[in-house]
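Notes for the one structure printed next.
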Amino acid sequence: MPPVSTSDVTAPRSPLPTTGGSRNVPARQKGGSPSLRSPTLQKSSRFVSCRAALLVFPPHNSSSTYCSVLIGELAGSARGKFRWALERGDGQLGRWVPVRAPATAGSGGSGGAGASGKVGLPALDVALAFPQATPASLFPPAVSDYYQFDDLLTDEEKALRKKVRGIMEKEIAPIMTEYWEKAEFPFHAIPNLGTLGLAGGTIKGYGCPGLSLTASAICIAEVARVDASCSTFILVHSSLAMSTIALCGSEAQKQKYLPSLAQFKAVGCWALTEPDYGSDASSLRTAATKVPGGWHLDGQKRWIGNSTFADVLIILARNADTNQLNGFIVKKGAPGLKATKIENKIGLRMVQNGDIILNKVFVPEEDRLTGINSFQDINKVLAMSRIMVAWQPIGISMGVFDMCHRYLKERKQFGAPLAAFQLNQEKLVRMLGNIQAMLLIGWRLCKLYESGQMTPGRASLGKAWTSRKAREVVSLGRELLGGNGILADFLVAKAFCDLEPIFSYEGTYDINSLVTGREITGIASFKPAVLTKSRL
Numbered sequence: 001m002p003p004v005s006t007s008d009v010t011a012p013r014s015p016l017p018t019t020g021g022s023r024n025v026p027a028r029q030k031g032g033s034p035s036l037r038s039p040t041l042q043k044s045s046r047f048v049s050c051r052a053a054l055l056v057f058p059p060h061n062s063s064s065t066y067c068s069v070l071i072g073e074l075a076g077s078a079r080g081k082f083r084w085a086l087e088r089g090d091g092q093l094g095r096w097v098p099v100r101a102p103a104t105a106g107s108g109g110s111g112g113a114g115a116s117g118k119v120g121l122p123a124l125d126v127a128l129a130f131p132q133a134t135p136a137s138l139f140p141p142a143v144s145d146y147y148q149f150d151d152l153l154t155d156e157e158k159a160l161r162k163k164v165r166g167i168m169e170k171e172i173a174p175i176m177t178e179y180w181e182k183a184e185f186p187f188h189a190i191p192n193l194g195t196l197g198l199a200g201g202t203i204k205g206y207g208c209p210g211l212s213l214t215a216s217a218i219c220i221a222e223v224a225r226v227d228a229s230c231s232t233f234i235l236v237h238s239s240l241a242m243s244t245i246a247l248c249g250s251e252a253q254k255q256k257y258l259p260s261l262a263q264f265k266a267v268g269c270w271a272l273t274e275p276d277y278g279s280d281a282s283s284l285r286t287a288a289t290k291v292p293g294g295w296h297l298d299g300q301k302r303w304i305g306n307s308t309f310a311d312v313l314i315i316l317a318r319n320a321d322t323n324q325l326n327g328f329i330v331k332k333g334a335p336g337l338k339a340t341k342i343e344n345k346i347g348l349r350m351v352q353n354g355d356i357i358l359n360k361v362f363v364p365e366e367d368r369l370t371g372i373n374s375f376q377d378i379n380k381v382l383a384m385s386r387i388m389v390a391w392q393p394i395g396i397s398m399g400v401f402d403m404c405h406r407y408l409k410e411r412k413q414f415g416a417p418l419a420a421f422q423l424n425q426e427k428l429v430r431m432l433g434n435i436q437a438m439l440l441i442g443w444r445l446c447k448l449y450e451s452g453q454m455t456p457g458r459a460s461l462g463k464a465w466t467s468r469k470a471r472e473v474v475s476l477g478r479e480l481l482g483g484n485g486i487l488a489d490f491l492v493a494k495a496f497c498d499l500e501p502i503f504s505y506e507g508t509y510d511i512n513s514l515v516t517g518r519e520i521t522g523i524a525s526f527k528p529a530v531l532t533k534s535r536l
């Protein structure tokens, strides 16, 4: 292994000893494993500064020229990833050397670093590492309907709910943790999601299912019970993109776009939010300028779900002539359209949220949504989608309760299942009570909408209240699972994180509370009162 020039890397401030002798090699534990408590390692500042560290000792008869490796990124080094090699036989202890990929997968050397910089053996399957409880890949039975909510549903709604539950547990539960961890969407699962029959929801005709709002809502809850990301994918596609075309589009637009969207042959997204305008969405700045034959769109959107791969993009923009909001259908690949993924999310990691940049994107006149001429027209879409989003926290809470219920009966401590302890039972019952109340709130919202009595304040209160109660449910669930409560494998940690973006989108808790407050008091309080000069 050739020496590395000191100009290539930053030398360690406190290098490991460079004199020979076994005293300078970290002590081994029984069985040949190195001791991380050895004085040599504890005194190494570079060991502490590495982001990840692992000692790997080959067998005594190994022909390797180095016997120990510390892997990590060098703090302050622009050269990338390096490893520390303790050399034998050449007197060159303590050199930084580039990480090299093994020649073949089976070329020997346990725990060496590959090109990715990963070290050590692959993780144990969670079922082997922790056999006392069943992971969420084998989803638990549904046991949260304590007040027999099913009695309020029609036979058709019950049958659809059962179908959706079965498909989600069989097709999505086994793969969701892997894709959530990778922050990737399982595109191969879209046909399975298509078999749910939920795309288009309440839309009648055009290949859409024409469900009652209640049926559509309880099915979204069933999807969220297993995986919140999949429920968001469907809601963006169906309750926002498709509903906007159905409520605000021309007959020709409905005929052209809805059938393929209903079958998931095409995927939709809906772009309202901008970097500078989130809660204050009605002040958006993306501009629509009239040009011969159509419009030019210029601006930027942010947090747009499905946007990186959507075939049909609904873009909300401000008419440069009227200053009112208009809606446009933009097709994937349009010149001047760029959508990039937002990285490093902690919640809804499978959902591909994106930044959209529009640079003189031409939209033909036939793709302007003629039914959108003000923000009030957009509110027609939001009134229904907000109800649907209110059911996501309900579904998430149902899944967390089901997982905790099974886990507490399987996991034993102090010679008894965790379910036998009073404190745990109290938490489980508190979670259950919240779910019963959330179910009834959600059901009543649907009935108010179906009877034509829904108001913005009622929809906002429902979404705000269910998301807040769900926060308590997932927090209690995280406590009940102890250490496993921070592992996505057991659902609760994943659900804990997934609920956070839902708490904020479709109106934050605070904004939705103010929408309801305005409705019941007649006073809008979204903007701070204008400050006046004191007379003192």
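The opening position of the sequence shown corresponds to residue 1 in full-length UniProt numbering, with each subsequent residue numbered one higher. Idealized CB from N, CA, C, for every residue including glycine. Keep in mind that this is a model prediction, so the values were computed, not measured.
Three-way DSSP call (helix, strand, coil) for residue i in this model
i, result
"residue 552", "Absent from the model: residue 552. The displayed extent of the chain is 1 to 536, so no value can be given."
"residue 298", "strand"
"residue 319", "strand"
"residue 253", "helix"
"residue 277", "strand"
"residue 195", "coil"
"residue 363", "strand"
"residue 417", "strand"
"residue 337", "strand"
"residue 118", "coil"
"residue 356", "strand"
"residue 43", "Its pLDDT being 37, under 50, residue 43 is placed unreliably in this model, and the value from its coordinates should be taken loosely. Coil, per DSSP."
"residue 452", "coil"
"residue 209", "strand"
"residue 570", "The structure shown has nothing for residue 570, since the chain only spans 1 to 536."
"residue 345", "coil"
Residue i and residue j closer than 8 Å at C-beta
i, j, result
"residue 392", "residue 502", "yes"
"residue 264", "residue 190", "yes"
"residue 389", "residue 235", "yes"
"residue 216", "residue 193", "no"
"residue 396", "residue 497", "no"
"residue 172", "residue 227", "yes"
"residue 442", "residue 394", "yes"
"residue 490", "residue 435", "no"
"residue 224", "residue 268", "no"
"residue 398", "residue 144", "yes"
"residue 213", "residue 404", "no"
"residue 541", "residue 467", "No answer is possible for residue 541: the residues shown for the chain start at 1 and end at 536."
Cβ-based burial, residue i [other Cβ within 10 Å; buried from 16]
i, result
"residue 23", "Any reading at residue 23 is ruled out, since the residue's pLDDT is 36, under 50, leaving its predicted position unreliable."
"residue 429", "exposed"
"residue 141", "exposed"
"residue 150", "exposed"
"residue 344", "exposed"
"residue 439", "buried"
"residue 195", "exposed"
"residue 416", "exposed"
"residue 368", "buried"
"residue 528", "exposed"
"residue 486", "exposed"
"residue 243", "buried"
"residue 185", "buried"
"residue 204", "exposed"
Terminal residues of the beta strand (DSSP E) in which residue i lies
i, result
"residue 373", "From DSSP, residue 373 is part of no beta strand (DSSP E); its letter is neither H nor E."
"residue 167", "Premise fails: residue 167 lies in the alpha helix (DSSP H), 155 to 167, not in any beta strand (DSSP E)."
"residue 327", "325 to 331"
"residue 289", "287 to 291"
"residue 271", "268 to 271"
Cβ-based neighbour list, residue i, same chain, cut-off 7 Å, excluding 5 preceding and 5 following
i, result
"residue 374", "324 and 325"
"residue 520", "457"
"residue 321", "290"
"residue 239", "201, 384, 385 and 388"
"residue 537", "This structure leaves residue 537 out entirely; the chain is present only between 1 and 536."
"residue 166", "none"
Segment limits, alpha helix (DSSP H) that includes residue i
i, result
"residue 480", "456 to 480"
"residue 134", "Here residue 134 belongs to no alpha helix (DSSP H), and DSSP marks it neither H nor E."
"residue 503", "492 to 504"
Beta-carbon contacts of residue i that lie in its chain and below 6 Å, excluding the five residues immediately before and after
i, result
"residue 365", "294"
"residue 286", "299 and 317"
"residue 357", "300 and 338"
"residue 163", "none"
"residue 359", "336"
"residue 418", "408, 411 and 424"
Chain D contact for residue i (CB, 8 Å cutoff)
i, result
"residue 494", "Note that chain D does not occur in the displayed structure, where there is just one protein chain."
Own chain residues within Cβ distance below 8 Å of residue i, not counting five before or after
i, result
"residue 525", "514, 517 and 518"
"residue 522", "none"
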